[in-house]
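For what it's worth, my numbering labels the leading residue of the sequence shown as 56, then goes sequentially.
All C-beta atoms, glycine included, are put in the ideal place defined by N, C-alpha and C.
Just so you know, these numbers come straight off a predicted model, no measurement behind them.
Everything below concerns the one structure shown next.
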Amino acid sequence: MPEGPSVRKFQLLTSPFVGQVVAKVGGSSRKISVNDLNALRLQDSQVHGKNLYLAFVAAEGPLGPEETVLQREAAGGASSPAQGGQEQLCAPQTRPQVEELLQSRSEAPDAAEGPSSWLRFHFGLFGSVRANEFSRANKANKRGDWKDPIPRLVLHFESRGFLVFYNCRMHWCSSPRADPASDILSVEFHRGRALDALRSPDPICHILLDQRYFSGLGNIIKNEILYLAKIHPLTQGSVLGLSDLERLLDCATRFSSDWLHSKLQGKGLHPQIYQKELCPLGHAVMKGTLGPPGGFKRLAWWCPQCQPAVQSGDGDPAPIT
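In structure tokens form, the structure reads like this:
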């Protein structure tokens, strides 16, 4: 699934639409009623870790008493030509309906104290956001069909620009639920708290994926920074020295920031260890499925020579799977 740098890019794609009113809606989502978004104004766009949040408020204008061309097309059942008629459009709501919708959310247990509501997006594998374009198939599916991905949500704005959201889960919430101090791409990232978390006796590869302390850090970043820091993934955090942990944190923040900048420049990621058979020095790379007991297992790649196993606290070498 998209990691912190990718979701940051998604947020930058949505930010130019802040202040605009939704004139027409489409998409295949069944988790929310996409029609609820009609005639609302996009008030804010934020990112926290791997989650994108969009705030909507009732529009005061210019979509008040007058319909836009897009609204009339939606009410008439027209579909977007860019999707070949596959996009389902929803008729716009009247202002009393919008006010009733926001009022109902304000009375809900998870609602905000105020007129706005936040829509949370959590992206699955190959999840993405596109601005003013639809995703196109780049290969045939298992049936041999060249079928374009179906968007979960399409927001058309009064400016005639639009946002498209793919493979994501959405739900309404009162406000962004995240602590900037845990976000590895935030200027408020708290190194001291992160260092305390890394001193745990758990394997370091498990600790790094704990979103309470390393929000936005995913499996690709985990594998890459452990290789850069020359730390075996199953090394217990408690046996590492402060200098090792500091270096690991430096690798985490620098790699994440560099990856984001590469994305913004349209450049791809060039991993050193992730999904590789040889490390940059030519050593054979090991691959395993690692995770806490009873928890989610993730694929890991490491170089036994560049990232040697370290003895655990009881004097035994860290187990390798």
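With the rule of 3 Cβ pairs closer than 8 Å, the region 344 to 359 counts as touching the region 278 to 287. L240 and Q266 have their alpha carbons spaced roughly 13 Å apart. For W314, the enclosing alpha helix (DSSP H) begins and ends at 297 to 319. Distances from the alpha-carbon of A284 to those of R309, F189, A252 put R309 closest. Short of 7 Å from the beta carbon of P359, and not among the five residues preceding or following it, lie these beta carbons of its own chain, in chain order: M341. Residue environment for H226: exposed (fewer than 16 other C-beta atoms within 10 angstroms of its C-beta).
Closest in alpha carbon position to H338, among G346, Q327, P348, is Q327. Among the bridge pairs identified by DSSP, K202 is matched with none.
Taking a 10 Å sphere around the C-beta of F178, we find 16 or more other C-beta atoms and assign the residue as buried.
DSSP places F65 outside any beta strand (DSSP E); the residue lies instead in the alpha helix (DSSP H), whose first and last residues are 59 to 69. Nearest neighbour of V73 by Cα position, chosen from L263, A110, W201, H103, turns out to be A110. Membership of L354 in the beta strand (DSSP E) is indicated by the continuous run 353 to 357. In this chain, the beta strand (DSSP E) harbouring Y221 covers 217 to 228.
The distance from the Cβ of P288 to that of L345 is about 6 Å, consistent with a contact at the 8 Å cut-off. Counting of Cβ neighbours within 10 angstroms places P335 among the exposed residues, the total staying below 16. Looking at the backbone, the Cα of P256 and that of Q291 are separated by about 5 Å.
Spanning the alpha carbons of A186 and G216 requires a straight line of approximately 8 Å. Nearest Cα to L210 within the set V76, K202, V80: V80. With contacts defined by Cβ atoms closer than 8 Å, V294 and V365 form a contacting pair. DSSP links N187 through a beta bridge to no other residue.
Residues P347 of the same chain have their beta carbon placed closer than 6 Å to that of H261, with the five preceding and five following residues left out of the count. Annotated three-state conformation of L250 is helix, per DSSP. With a cutoff of 8 Å on beta-carbon distance, K105 and M56 are scored as near each other.
F220 sits close to P206, with the two beta carbons spaced by under 8 Å. The beta carbons of E58 and L319 sit no closer together than 8 Å.
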